[in-house]
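*Asks:*
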Amino acid sequence: MFKNDKWDTIYMNMTRELAKGSHCTRVKVGAMIVKDGRIVSTGINGTPEGYTNCDDIFTQDKIKELGEAYYEKHHEFSEKYEIHAEQNALIYLAKNGGAGIRGATMYITHSPCIHCAKMIANSGITRVVFYNLYDRNQDGIEFLKNLGIQVDLYVKEEV
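Under our numbering, think of the first position of the sequence shown as 64, with each following residue one higher.
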């Protein structure tokens with residue numbers, strides 16, 4: 064069974080705080096890439112720079128007005144316009160001439176979807192630590208494991 068070390072706890076706590084910056088009204092996700100003990104990139108889920116944010120469209124009043132239809136409407140918006148936290152972390156590296164990340168660890172607040180898992184696999188990241196299982200499926204986890212990438216569910220410490 065996986066056991067967190069001190070640094071896993073530090074980086075995961077930072078990633079969870081980072082996720083709070085997301086403008087998504089359904090699930091706030093954060094991702095952090097760490098290589099050789101240094102944070103090399105971070106990302107949160109949200110729309111591209113300059114585009115209307117999720118919480119600008121789905122205000123609390125709008126969510127109440129939509130009722131059960133909110134989930135479908137949000138899903139449509141998210142599929143069209145939002146970028147996942149893992150993708151944003153990888154994009155930031157590319158956009159800013161980032162260093163190689165072969166052998167790096169990615170910390171994520173939620174398990175990766177299959178699309179993000181494919182990007183993670185091709186990036187050279189060799190370990191993924193996540194805090195929560197994403198509620199739709201675990202295809203991304205299985206995909207990464209099948210490629211020999213270490214995937215660990217962060218063990219939440221009892222207080």
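From the three backbone atoms N, C-alpha and C, an ideal C-beta is built for every residue, glycine too.
(1) For my contact list, glutamate 145 and threonine 88 are in at a C-beta cut-off of 8 Å; report their separation, rounded to the angstrom.
(2) Considering only their Cβ atoms, is the gap separating alanine 167 from phenylalanine 206 smaller than 7 Å?
(3) Looking at the secondary structure, which residues open and close the beta strand (DSSP E) in which lysine 98 lies?
(4) How many Å lie between isoleucine 164 and alanine 184 at the Cα?
(5) Using the Cα positions of serine 104 and glutamate 220, report the straight-line distance between them to the nearest angstrom.
(6) From which residue to which residue does the alpha helix (DSSP H) around glycine 203 run?
(7) Are the beta-carbon atoms of glycine 84 and isoleucine 107 separated by less than 7 Å?
(8) With distance defined between alpha-carbon atoms, name the residue in Lys69, Ile96, Asp68 nearest to leucine 81.
(9) Measure the Cβ-Cβ separation of valine 214 and isoleucine 204 and say whether it is below 7 Å.
(10) Let me make sure I understand the geometry here. Which of Val90, Ile102, Lys143 has the alpha-carbon closest to that of tyrosine 170?
(11) Across which residues does DSSP place phenylalanine 193 in a beta bridge pair?
(12) Please report the residue range of the beta strand (DSSP E) in which isoleucine 107 lies.
(13) For alanine 152, report the span of its alpha helix (DSSP H) as first-last.
(14) Once the 5 residues before and after valine 92 are set aside, which same chain residues still bring their CB inside 6 Å of it?
(15) Is it the case that the Cβ atoms of valine 192 and aspartate 71 are separated by a distance below 7 Å?
(16) In the DSSP assignment, find the alpha helix (DSSP H) that holds arginine 79 and state where it starts and stops.
*Replies:* With the structure as the only source:
(1) For the purposes of this step, residue 145 is taken as residue 82 along the sequence shown, with counting starting at 1. For the purposes of this step, residue 88 is taken as residue 25 along the sequence shown, with counting starting at 1. In fact, because the Cβ distance is near 11 Å, the residues do not count as touching under 8 Å.
(2) Numbered from its first residue, the sequence shown carries residue 206 at position 143. Numbered from its first residue, the sequence shown carries residue 167 at position 104. The answer is no: Cβ separation not under 7 Å.
(3) Here the question's residue 98 lines up with position 35 in the sequence shown. Note, lysine 98: beta strand (DSSP E), 93-98.
(4) Residue numbering aside, residue 164 sits at position 101 when the sequence shown is read from its first letter. Residue numbering aside, residue 184 sits at position 121 when the sequence shown is read from its first letter. About 11 Å.
(5) Within the sequence shown, the letter at position 41 stands for residue 104. Within the sequence shown, the letter at position 157 stands for residue 220. Their Cα atoms are separated by approximately 26 Å.
(6) In the sequence shown, residue 203 corresponds to position 140, counting from 1. Element bounds for glycine 203: 202-209.
(7) Looking up residue 84 in the sequence shown gives position 21. Looking up residue 107 in the sequence shown gives position 44. Going by C-beta atoms, glycine 84 is nearer than 7 Å to isoleucine 107.
(8) The residue given as residue 81 occupies position 18 in the sequence shown. For the set Lys69, Ile96, Asp68, the Cα lying nearest the Cα of leucine 81 is the one of Ile96.
(9) Position 151 of the sequence shown, counted from the start, is the residue given in the question as residue 214. Position 141 of the sequence shown, counted from the start, is the residue given in the question as residue 204. Yes, the pair counts as a contact, with Cβ atoms nearer than the cut-off.
(10) Taking the sequence shown and counting its residues from 1, the one referred to as residue 170 is at position 107. For tyrosine 170, the nearest C-alpha among the options comes from Ile102.
(11) The residue labelled residue 193 in the question sits at position 130 within the sequence shown. According to DSSP, which records beta bridges pairwise, phenylalanine 193 is partnered with Ile171, Leu216.
(12) Here residue 107 refers to the residue found at position 44 when the sequence shown is read from its first residue. Start and end: 101-107.
(13) In the sequence shown, the residue the question calls residue 152 occupies position 89. Taken as a continuous stretch (DSSP letters only), the alpha helix (DSSP H) holding alanine 152 covers 148-158.
(14) For this step, residue 92 is matched to residue 29 along the sequence shown. Around valine 92: Ala82, Asn108, Ala148, Thr172, His173.
(15) To locate residue 192, count along the sequence shown from 1; it is residue 129. To locate residue 71, count along the sequence shown from 1; it is residue 8. Yes. Within cutoff.
(16) As a working mapping, residue 79 is identified with position 16 in the sequence shown. Note, arginine 79: alpha helix (DSSP H), 69-82.
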